[in-house]
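The next block holds one structure in the form of structure tokens; read it before the comments.
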Amino acid sequence: MQKLSFKVSEKLKYIRLIAFDFDGVFTNGLFMLSQDGTESIICNRRDSWGLNEMKRLGIKMVVINKGLDPAVSKRCQKLKLEYKYDATKDKLSILKDVLVREQVKPESVLYVGDDTIDLPCLKYAGLAVTVADGASECKKAADYITEKNGGQGAVRELCELIVVAKGGLSRT
Numbered sequence: 000m001q002k003l004s005f006k007v008s009e010k011l012k013y014i015r016l017i018a019f020d021f022d023g024v025f026t027n028g029l030f031m032l033s034q035d036g037t038e039s040i041i042c043n044r045r046d047s048w049g050l051n052e053m054k055r056l057g058i059k060m061v062v063i064n065k066g067l068d069p070a071v072s073k074r075c076q077k078l079k080l081e082y083k084y085d086a087t088k089d090k091l092s093i094l095k096d097v098l099v100r101e102q103v104k105p106e107s108v109l110y111v112g113d114d115t116i117d118l119p120c121l122k123y124a125g126l127a128v129t130v131a132d133g134a135s136e137c138k139k140a141a142d143y144i145t146e147k148n149g150g151q152g153a154v155r156e157l158c159e160l161i162v163v164a165k166g167g168l169s170r171t
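Last residue of the sequence shown? That's 171 in numbering that gives the first Met the number 0, and every number before it is there in order.
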């Protein structure tokens with residue numbers, strides 16, 4: 000694992016809410032299309048451990064999407080993650096609505112995104128994270144870039160860092 004900067008380590012301690020993009024973070028961005036038009040996605044089961052640890056620590060989590068995606072909705076239900084989408088709003092507006100409802104300040108928010116549509120949220124959140132295979136613009140805006148690609152355990156990697164920052168597991 001890469002060494003975290005002091006700034007990132009400190010910010011991780013105070014995270015109260017994680018907002019995720021889904022495609023490209025929980026997945027590698029690819030999907031399969033069956034002959035009947037059904038879309039399928041592939042996710043990494045190992046991410047579930049990290050999400051459960053976030054719940055144990057009392058960290059709120061939300062997946063933000065521009066529109067309804069049935070496959071994403073099903074996966075969020077399985078993981079017991081809140082899924083917010085609104086085709087009439089941009090992602091930042093959705094994120095701001097969540098923060099007002101949850102009474103969380105932007106500096107206590109970690110946003111994870113992988114593409115240019117995520118840039119406003121990355122710039123707004125107190126801690127911006129992108130995946131190793133994220134867009135170059137996201138890498139420039141990020142405080143931390145995961146070592147793992149989207150869909151390959153990046154979510155778990157990030158959750159492990161938070162657990163360590165909050166005094167849990169040791170990093171080895």
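We put the beta carbon where it would ideally sit given N, CA and C, even for glycine.
Computed from a prediction, not measured in an experiment: that's the story for all the values here.
Where the alpha helix (DSSP H) through E5 begins and ends: Correcting the residue identity first, residue 5 is Phe in this sequence and not Glu. First-last of the alpha helix (DSSP H) with F5: F5 to K12.
With 16 other Cβ atoms within 10 Å as the buried cut-off, status of M31: M31 should be labelled exposed.
Local Cβ density within 10 Å of D35, reported as buried at 16 or more and exposed below that: Exposed, because fewer than 16 other Cβ atoms sit within 10 Å of the Cβ of D35.
Three-state class that DSSP yields for K90 in the structure shown: If DSSP states are grouped into helix, strand and coil, K90 belongs with the helices.
Cβ neighbour criterion (16 or more within 10 Å) applied to T87: Exposed, because fewer than 16 other Cβ atoms sit within 10 Å of the Cβ of T87.
For Y110: DSSP bridge partner residues: DSSP lists A18 and A127 as partners of Y110.
Residue from L16, I161 and R45 whose Cα sits closest to the Cα of V62: In terms of Cα proximity to V62, the closest of L16, I161 and R45 is L16.
Host alpha helix (DSSP H) of K138 (start-end): In the DSSP assignment, K138 falls within the alpha helix (DSSP H) that extends over S135 to A140.
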